[in-house]
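In the numbering used here, each residue's number is its place in the sequence shown (first place is 1) plus 1097. Worksheet for the structure shown next.
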Amino acid sequence: MIWLIGNKGMLGTELSLLFAERGLDFVGTDREIDITDPAALEAFTNVKQAEGRHINWIVNCAGYTAVDKAEDDVETCRRLNVDGPGNIAALADKLHARFIHISTDYVFGTYNKPFSTGAREKRPYLEADDTNPIGVYAASKRDGEVRVMENTSGAYVIRTSWLYGKYGNNFVTTMLRLMRERDTVSVVNDQRGSPTWAYDLADAIFKLIDAVEHPIRLAPPPHNIPSFGIYHYTNDGDTTWFDFACAIYQKARELGLLTKDCEVKPCSSAEYPSKVTRPDYSVLDKERIRNEIRILIPTWEESLEKFLKELKK
Ligand SMILES: NC(=O)c1ccc[n+]([C@@H]2O[C@H](COP(=O)([O-])OP(=O)(O)OC[C@H]3O[C@@H](n4cnc5c(N)ncnc54)[C@H](OP(=O)(O)O)[C@@H]3O)[C@@H](O)[C@H]2O)c1
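Encoded structure:
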């Protein structure tokens, strides 16, 4: 059985629906089982074992995700993003369960340092590249990855970026609201990354589990069972927040989700002050996940269109 932790968040809700639709045996929990409390986590697994339900996968979608707020809330952020995943990893190890943990492109900060490989040209980040997180949230996510790896050798850590979906506040839903309310919207044009539809990430997580559980379906060897470690998954291609907003506007107008004009204007990060400096370039290389679970990754444009069509329904 899969234990899905954080099942009421944006990604967790998407995964719950996908697991249910595809007939997986799983149980979901959110705040009621506090990931910062090891005894509560263990008690939950004991109840499930007593019911005869053995947990052999744990997927953690819970976390502290308020990037700016984290600057004034360091302790809570680190308890949730470092201690929590560490607790789950230790428990997964004890249960001999495989553990999937979600991390972020924010582990990579400003793109101006040489990589460990010696490359200086701008190119998508590899899983093995040195991290340089900026701010409390980013550092907590990087330290969470490290803690997970320390506490179990059976973890898959998936870094993703610019997540949006139906079940939470995110850039796409915020843009649609602002475009309805205002005549102009200014969006930063100097940060490059890859938007990711939560549904696609949920599908990739499902396929990772499936590739491990049914390795026979993957041919030819030696890529039979995906090895543990860090993976990158985002939608394919990259863009700036400004170009992403323009694409949202154009598609939403075509689909009739927006019925009035709104001018989308480019601005710089300096004109849009926030507590935390966002990465200026955080495009992630996805060859590892592509090769190990043989998935086709949709482009961000394709997925945005599908998502907006879903919203329209
Ligand atoms: N959103 C993005 O753009 C993005 C980008 C890259 C990576 N990620 C990563 O992807 C993962 C999922 O993100 P998301 O946007 O789906 O997150 P989310 O919507 O904020 O969901 C997190 C869930 O965790 C729950 N939670 C909070 N404290 C908890 C606790 N102590 N014990 C158990 N559950 C608790 C939250 O409950 P409450 O709502 O009640 O607090 C919420 O339901 C996170 O690890 C995040 O860092 C997100």
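Quick reminder that beta carbons are idealized off the backbone N, C-alpha and C, glycines included.
So does M1246 have its beta carbon nearer than 7 Å to some heavy atom of ligand 1?
no
Any beta strand (DSSP E) of 3 or more consecutive residues that is wholly inside the region 1168–1233:
1195–1201
Tell me which residues share the same chain as I1386 and place their Cβ nearer than 6 Å to its Cβ, disregarding the 5 neighbours each side in the sequence.
Y1328 and Y1330
Alpha carbon to alpha carbon, how far is I1199 from T1228? Give it in angstroms, no decimals.
16 Å
Looking at L1305 and ligand 1, is the gap between the Cβ and the nearest heavy atom below 7 Å?
no
Does the Cβ of S1258 lie closer than 7 Å to at least one heavy atom of ligand 1?
yes
With a threshold of 7 Å (Cβ to nearest heavy atom), would I1386 be considered close to ligand 1?
no
Here's the rule: buried if 16 or more other CB atoms are within 10 angstroms of the residue's CB, otherwise exposed. What is S1250?
S1250 comes out exposed.
From A1194 to A1187, what does the alpha carbon distance come to, in whole angstroms?
10 Å
Using a Cβ-Cβ cut-off of 7 Å (strictly less than) and excluding sequence neighbours within five positions of G1265, which residues of its own chain qualify?
G1106 and M1107
Three-state secondary structure assigned by DSSP to V1309:
helix
Any non-hydrogen atom of ligand 1 closer than 7 Å to R1375 Cβ:
no
So does R1175 have its beta carbon nearer than 7 Å to some heavy atom of ligand 1?
no
Taking all protein chains shown into account, do 16 or more other C-beta atoms lie within 10 angstroms of the C-beta of V1144, making it buried, or fewer, making it exposed?
exposed
If you draw a straight line from the alpha carbon of Y1261 to that of A1147, how long is it in whole angstroms?
37 Å
Might you give, ordered along the chain, the residues of its own chain that have their beta carbon closer than 8 Å to the beta carbon of D1287, omitting 5 neighbours on each side?
Contacts found: T1337, S1365, S1366 and D1377.
N- and C-terminal bounds of the beta strand (DSSP E) containing Y1434:
The structure shown does not extend to residue 1434, since the chain is modelled only from 1098 through 1410, so no value can be given for it.
Cross-strand partners of S1283 (DSSP beta bridge)
K1362
What three-state label does DSSP hand I1390 in the structure shown?
helix
By Cβ distance, which residues of its chain are closer than 7 Å to L1315, with the 5 residues on each side in sequence left out?
Any reading at L1315 needs caution, since the residue's pLDDT is 49, under 50, leaving its predicted position unreliable; the model's value is listed next. Taken in chain order, the residues that qualify are A1308, N1321 and R1391.
Nearest candidate by alpha-carbon position, reference G1125, set E1111, E1224, T1270 and D1134:
Ranked by Cα distance from G1125, the options E1111, E1224, T1270 and D1134 are led by E1111.
Bridge-paired residues (DSSP) for F1123
I1099
Does the beta carbon of G1125 fall short of 7 Å from some heavy atom of ligand 1?
no
Give me the residue from T1142, T1201 and Y1234 with the minimum Cα distance to R1176.
Y1234
For D1165 versus V1373, is the C-beta distance shorter than 8 Å?
A contact, by the Cβ cut-off of 8 Å.
Measuring alpha carbon to alpha carbon, tell me which residue in R1289, K1238 and E1351 is nearest F1339.
R1289
If you draw a straight line from the alpha carbon of D1134 to that of I1102, how long is it in whole angstroms?
Cα-Cα distance, rounded: 13 Å.
When you compare only the Cα positions, how much space is there between N1184 and L1298?
Looking at the two C-alpha atoms, the distance is approximately 24 Å.
Taking the C-alpha atoms as reference points, what is the distance between L1381 and N1332?
Cα-Cα distance, rounded: 10 Å.
According to DSSP, R1289 sits in a beta bridge with which residue or residues?
DSSP output for R1289 lists T1337 and Y1378 as bridge partner(s).
Assuming L1405 contacts L1354 (C-beta within less than 8 Å), just tell me the rounded distance between them.
6 Å
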